[in-house]
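Structure first, commentary second.
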Amino acid sequence: MNAITPITTTLKDWESDQEVRWCPGCGDYAILKAVQRTLPELGADPAKTVFVSGIGCSSRFPYYVESYGFHTIHGRAPAVATGIKLANPELDIWLVTGDGDGMSIGGNHTMHLLRRNLNCQVLLFNNEIYGLTKGQYSPTSREGTHSPTTPLGSVDHPALPCAFALGAGARFVARGFDVSKHLPEVLKAAHAHKGAAFVEIFQNCIVYNKDRFDDFAAPKGAEDRQLWLKNGEPMLFGSDKTGGQKGIALDGEKLTLKVVDVVDGDWQAAGVIVHDVTNRSIAHMLVEMPFGPFPMALGVIYDDPRPTYEDAVLGQDTKAREGKSTDLARLLAKGQTWTVSEDGPEL
Amino acid sequence: MATQTAEPEGLTKNSPEAVVVRFAGDSGDGMQLTGGQFTLSSALAGNDFATFPDFPAEIRAPQGTLFGVSAFQINFGSTEIDTAGDAPDVLVAMNPAALKTNVGALKPGGLIIADTGEFTKRNLEKAKYEVSPLEDGSLSKWQVLAFDISALTVEAVKPFGLGNKDALRCKNMWTLGLALWMFDRDRAPLVDWLNNKFRKNPVLAEANIAALNAGHAYGETAELGGQLHKQHLDAVPAPAGLYRTITGAEAVALGLVAGANLAHLPMFFGGYPITPASSILHYLVGLKEFGVTTFQAEDEIAAIASAIGASYAGQLGVTSSSGPGIALKTEAMGLAVMTELPLVIVNSQRGGPSTGLPTKTEQSDLYQAVYGRNGDTPMPVIAARSPSDAFDCAIEACRIATQYMTPVILLTDGYIANAAEPWKVPDPASYEAFPVLFLEERNGPDGTLLPYARDEKGARPWIKPGTPGLTHRIGGIEKNPGTGNLDYSPAAHQAMTDARHAKVNGVAKSIPAQEVTLGNAGGKLAVVGWGSTYGPIHQAVRRARAKGLDVSHIHVRHIWPLPENLGDLLRGYERILVPEMNTGQFKTVLRDQFLVDAKPFNKVSGQPFTIAEIEAAIEGALA
């Protein structure tokens, strides 16, 4: 986030005049709307907002937002964003990337942006497939994914974007999915975090990986399969209407998480953990929590700010400049010098 | 260098116009320091000079080994000096490895000064000598002056109570003292320098000064069998003013700072460590007060991408690298061409391909600079011809980048980056400013915004994000010629490709007409060069002309687009010879652009051309 003077805008103000060219039914539409709905609530100023993207379906995003936008090259958006932010820290940067762009070709840049803690929002649209290049498997595709390049099923283990982000040193990690009504809240929390805020957004590629996330994202049974995390509140999911209320507790012996039944709403008795967004150890466990035995952890998983990269760089620069001469002529004349006069050279 | 007599005969009492001295020793022997101080002494003597260091690629090579030899060559004289010299007249060899790796370059009849104290059995073995070359007659075509510099140094610094190791570290100052005596130099500035350098340790200062004085006194008093003579090279008349030594890397850094200043912009430098380009980043890191932000990126790609981001945000983005690093930046250069943002890319060329010869010089990235990108992706290319010329070239790169909204490649090379020469410090106020004007208001009809409207030069407006009312989107995808909106219709791609070409070709209108560097506009032979071959070509042409040969030197700074008059100028010569440290790249460009019969003369040994090599090629071309 940036300390900004709030500007009054509406959703319409954030719609560019460009025709949106995603496939009909693509999850990107929902994410675009969620972002455009969130920006007015943040009091964001279109003139000071920059959407930066790489290459892929998700990276077309900047064209559709009425703000400044830079559609860069494959995987390099974090590096471009770093230059933009260092050149003008007042700009509020939203980086839009995908599982191929941000985790594969640009994985290195994503890692360094996060560890440096550049103040910006990173939205990684994870559809677990290469969409724009017509359906090849991606680094987040599940094992056994059949695709044009893996006709017998993929054999490599998928990357976990949130685990990667935490490993890279991210201070804010959150998850949502395209059609979730909670997505704007997640985006707001990301924006409120000063520093690199990493948001993985599961996104439905209806052409090449249709309904891949239905196992947890489908409305039916969502309560049992989604763990929406809220700071200060117990990690509860499920309800009596379905299989009964459950919670996430710590298995103290194995140092792992476990699912426990909550009887009569007494979550304390069941040992359910109260979500503390600053607890990095629990955050690591939550992002690695296997879906199936566990629900999908969603919402703000980790949020513990520390000084940003641009503040550190520019602070150091300002200090280094203090009291220094900015006389270019003097600079040129530094070093091993001598003067030539009529009497010849002398020091 | 100015004068290399046809029959080199080493040092004589008749002081020559120019002398080449090479200091060579183990990388721990302080040869670069010795050379640097001898250089200052040459400057104070009023001699013109050029220097070139030759240090090992290994950071800490094992002591005494052949690959651990570090050398520093200086060519100084009482006449104009343009190169670090063909063959040394004097070789100072501090150990057997230094002798072995350098003696081959020494002029027949040249003088070897060797420290016998280091010619031990063990050191001889490390240098792969079976018998000491000082004793087996293998050095008979040179004059050898071998004595125990190590012991003499230890003796000289005895009063200061240093340990043997520290005492021996003063050897380089002893040697410098001897060299100062040989060339009739004043010791006082060196004494001052030592006092300052070791001001926190006066004992070391005293010891080093004692070593320096001892070396000097040795020359003065020792019986040296007539091999060593004091000689004096007169000062070269030079315009009055302030001078300094400058390396190409320093000149590039200072030129970039000056260029950004003339554009009235802060500068953002994204870099990634690579030899021999890192020194530019090292230098700029210390210049924050001049509006410089430096960013050591995670890789070469991020280095250029961050610079593009900074340019997009309204600063002057600069990145720098060498061969393989430039290759990695190529895709992003295309983005800068497509988005039409200013950017300066400095390539300190080294031997290639791949990792190639990291510490050796070459000019083999010209194709890469001119042609080496996907798509029709024109970019202006400028080449510096010498360390000091790199200053003006860097300013020129900043001017073209900002005035034409385009990335610009500035080519230097390992030789220029590391070589040093005297530079008359310019007055920054003498350069014409080229202030950047950002677009502040909508520029299209009926209050519309046209980010890709073009001015008379073909340049689009520069719009800083943050400017109210001018929100728009840009990217690497083909776009509408006016609005910049995504548009890959046939007409849009044709129009934009044409516009990008016309813009870059139009840069030729803003550059000076090509001049003949030395000689006549027409005649039997033109020797056409670019980059760091300037020195040897210039001196070779000068010598050939002195012999009465009809030959002229043309040195091209603007590689792309070429000066508009260059084709006509070249057609005025019967023959064209293009010496290059590659397999004939600029030759191909000249043939391609002008259909002239340019003939190549190539060298890719990692070493600069010697004057003699080019002189012979000139004679061959005229035969």
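Chain order of the listed sequences is A and B.
Okay, so the first sequence: first residue is 5 according to the numbering used here, each after it adds one.
Okay, so the second sequence: first residue is 302 according to the numbering used here, each after it adds one.
C-beta: ideal position from N, C-alpha, C; glycine also.
Quick check: the Cα distance between residue i and residue j, rounded to an integer number of angstroms?
i	j	result
F377(B)	E914(B)	20 Å
Y775(B)	R64(A)	The displayed chain sequence assigns Ile, not Tyr, to residue 775(B). Using only the alpha carbons, I get a separation of about 11 Å.
P577(B)	S623(B)	7 Å
F233(A)	T260(A)	Note that residue 233(A) is Leu in the sequence shown here, rather than Phe. Distance between the alpha carbons of L233(A) and T260(A) is about 18 Å.
V39(A)	K765(B)	23 Å
T12(A)	Q320(A)	35 Å
F420(B)	P659(B)	30 Å
W831(B)	T713(B)	10 Å
V263(A)	S580(B)	57 Å
L345(B)	D893(B)	47 Å
E588(B)	V304(A)	Before going on, a small fix: residue 588(B) reads as Leu here, not Glu. The alpha-carbon atoms of L588(B) and V304(A) are separated by roughly 42 Å.
G820(B)	D487(B)	39 Å
N648(B)	G572(B)	12 Å
V593(B)	L555(B)	11 Å
E23(A)	G110(A)	27 Å
T313(B)	S441(B)	Caution is warranted here: a pLDDT of 43 is assigned to T313(B), below 50, making its placement in the model unreliable, and the coordinate value is therefore given only provisionally. Computed Cα separation, rounded: 18 Å.
E346(A)	A541(B)	7 Å
L164(A)	T834(B)	54 Å
R323(B)	H75(A)	54 Å
T137(A)	K192(A)	32 Å
V344(A)	A536(B)	11 Å
G785(B)	A337(A)	45 Å
L254(A)	I627(B)	51 Å
E310(B)	Q340(A)	Low per-residue confidence applies at E310(B): pLDDT is 39, beneath 50, and the placement is therefore not dependable enough to give any value.
E431(B)	I717(B)	38 Å
A512(B)	P397(B)	22 Å
T304(B)	T884(B)	Residue confidence is low: T304(B) scores 33 on pLDDT, short of 50, so the model does not pin down where it sits. Its coordinate-derived value is still stated next. Looking at the two C-alpha atoms, the distance is approximately 29 Å.
Q532(B)	Y584(B)	37 Å
C475(B)	T454(B)	A quick correction: the sequence has Trp, not Cys, at residue 475(B). In a straight line, the C-alpha of W475(B) is about 6 Å away from that of T454(B).
Since residue i and residue j are thought to touch, with beta carbons under 8 Å apart, how far apart are those beta carbons, to the nearest angstrom?
i	j	result
I205(A)	F129(A)	5 Å
M568(B)	G520(B)	The Cβ separation is near 48 Å, so there is no contact.
H856(B)	R686(B)	6 Å
V852(B)	L826(B)	4 Å
A83(A)	A603(B)	4 Å
G777(B)	M639(B)	5 Å
A287(A)	V177(A)	6 Å
Check the Cβ-Cβ distances between residue i and every residue of chain D, and say whether any is below 8 Å.
i	result
D600(B)	Looking at the structure shown, chain D is missing, and the protein chains on hand are A and B.
How do the region 752-762 of chain B and the region 44-57 of chain A stand: do at least 3 beta-carbon pairs fall below 8 Å, yes or no? No, because fewer than three Cβ pairs between the region 752-762 of chain B and the region 44-57 of chain A fall closer than 8 Å, the two stretches do not touch.
Taking beta-carbon pairs under 7 Å, can you tell me which members of the region 61-85 of chain A lie near chain B? Flagged, chain order: P66, Y67, E70, S71, Y72, G73, F74, H75, T76, I77, R80, A83, V84, A85.
Enumerate, from N- to C-terminal direction, the unbroken alpha helix (DSSP H) stretches of 4 or more residues contained entirely within the region 785-871 of chain B. Runs of the alpha helix (DSSP H) inside the region 785-871 of chain B: 791-807, 835-847.
Can you give, in chain order, each stretch of the beta strand (DSSP E) that sits fully within the region 343-403 of chain B and has at least 3 residues? Runs of the beta strand (DSSP E) spanning 3 or more residues and lying entirely within the region 343-403 of chain B occur at 349-355, 370-378, 391-394, in chain order.
Is the region 541-550 of chain B in contact with the region 721-728 of chain B, if contact means three or more CB pairs nearer than 8 Å? Taking a cut-off of 8 Å on C-beta distances, the region 541-550 of chain B touches the region 721-728 of chain B, as three or more cross pairs fall below it.
Mind checking the region 32-51 of chain A against chain B and listing, in chain order, the residues whose C-beta falls within less than 7 Å of any C-beta there? Result list: P50, A51.
Against chain A: residues of the region 760-776 of chain B by CB proximity under 9 Å: Under the 9 Å Cβ criterion, the region 760-776 of chain B contributes I764, K765, P766, G767, T768, P769, G770, L771, T772, H773, R774, I775, G776.
For the pair the region 208-219 of chain A and the region 24-35 of chain A, tell me if three or more CB-CB distances fall below 8 Å. Result yes; three or more Cβ-Cβ pairs closer than 8 Å.
Under 8 Å (Cβ pairs) to chain B, residues found in the region 328-342 of chain A: Correct list: K328, S329, T330, L332, A333, L335, L336, A337, K338, G339, Q340, T341, W342.
Closer than 7 Å, Cβ to Cβ, to anything on chain A: give me those residues from the region 485-515 of chain B, in chain order. Of all residues in the region 485-515 of chain B, the ones placed with a Cβ closer than 7 Å to any Cβ belonging to chain A are P490, in chain order.
Quick check for students: name the residue ranges of the beta strand (DSSP E) that lie wholly in the region 591-628 of chain B, counting only runs of 3 or more. Taking only runs of at least 3 residues, the beta strand (DSSP E) segments lying wholly in the region 591-628 of chain B are 593-597, 617-622.
Runs of 3 residues minimum, wholly inside the region 174-241 of chain A: which ones carry the beta strand (DSSP E) assignment? If we require 3 residues or more, the beta strand (DSSP E) runs fully inside the region 174-241 of chain A come out as 176-181, 200-206, 230-233.
Considering only residues of the region 58-94 of chain A, which uninterrupted alpha helix (DSSP H) runs meet the minimum length of 4 residues and lie entirely inside it, listed in chain order? Here the runs fully enclosed are 81-91.
Jot down the residue ranges of each uninterrupted beta strand (DSSP E) in the region 547-588 of chain B, minimum 3 residues, whole runs only, in chain order. Assignment of beta strand (DSSP E) within the region 547-588 of chain B, counting only whole runs of 3 or more residues, yields 568-572 in chain order.
So if I threshold CB-CB distances at 8 Å, which residues from the region 534-545 of chain B count as touching chain A? Residues passing the 8 Å Cβ filter: A536, A539, P540, A541, G542, L543, Y544, R545.
Complete alpha helix (DSSP H) runs within the region 697-765 of chain B (minimum length 4 residues, chain order): The region 697-765 of chain B contains these whole alpha helix (DSSP H) runs: 715-719.
Members of the region 605-618 of chain B that neighbour chain A once the beta carbon cut-off is set at 9 Å: For the region 605-618 of chain B, residues whose beta-carbon sits nearer than 9 Å to a beta-carbon of chain A comprise I605, A606, S607, A608, I609, G610, A611, S612, Y613, A614, G615, Q616, G618.
Sufficient close CB pairs (3 or more, under 8 Å) joining the region 354-374 of chain B to the region 730-737 of chain B: The region 354-374 of chain B makes no contact with the region 730-737 of chain B: fewer than 3 CB pairs, one atom from each, lie closer than 8 Å.
Does the region 416-434 of chain B come close enough to the region 350-357 of chain B to have 3 or more Cβ pairs within less than 8 Å? Too few Cβ pairs lie closer than 8 Å, so no.
Could you name the residues of the region 84-99 of chain A whose beta carbon sits closer than 7 Å to any beta carbon of chain B, in the order they occur along the chain? Going along the region 84-99 of chain A in chain order, one finds V84, A85, T86, G87, I88, L90, A91, N92, E94, L95 with a Cβ nearer than 7 Å to chain B.
Fully enclosed by the region 658-696 of chain B, which beta strand (DSSP E) runs are 3 residues long or longer? Those beta strand (DSSP E) runs which fall completely within the region 658-696 of chain B and span 3+ residues are 682-684.
Report yes or no: do the region 444-454 of chain B and the region 408-423 of chain B share at least 3 C-beta pairs separated by less than 8 Å? Contact between the region 444-454 of chain B and the region 408-423 of chain B is present, because at least three Cβ pairs lie under 8 Å.
Which residues of the region 332-344 of chain B have a Cβ closer than 8 Å to any Cβ of chain A? Give them in chain order. Interface annotation for the region 332-344 of chain B against chain A: G337, T340, L341, A344, criterion Cβ-Cβ distance under 8 Å.
Report yes or no: do the region 556-566 of chain B and the region 693-702 of chain B share at least 3 C-beta pairs separated by less than 8 Å? Output reads yes: the region 693-702 of chain B touches the region 556-566 of chain B.
Could you name each continuous alpha helix (DSSP H) segment of 4 residues or more that falls completely within the region 273-299 of chain A, going from the start of the chain to the end? Listed in chain order, the complete alpha helix (DSSP H) runs (minimum 4 residues) inside the region 273-299 of chain A are 284-292.
Closer than 7 Å, Cβ to any Cβ of chain B: which residues of the region 121-140 of chain A, in chain order? Of all residues in the region 121-140 of chain A, none has a Cβ within less than 7 Å of some Cβ in chain B.
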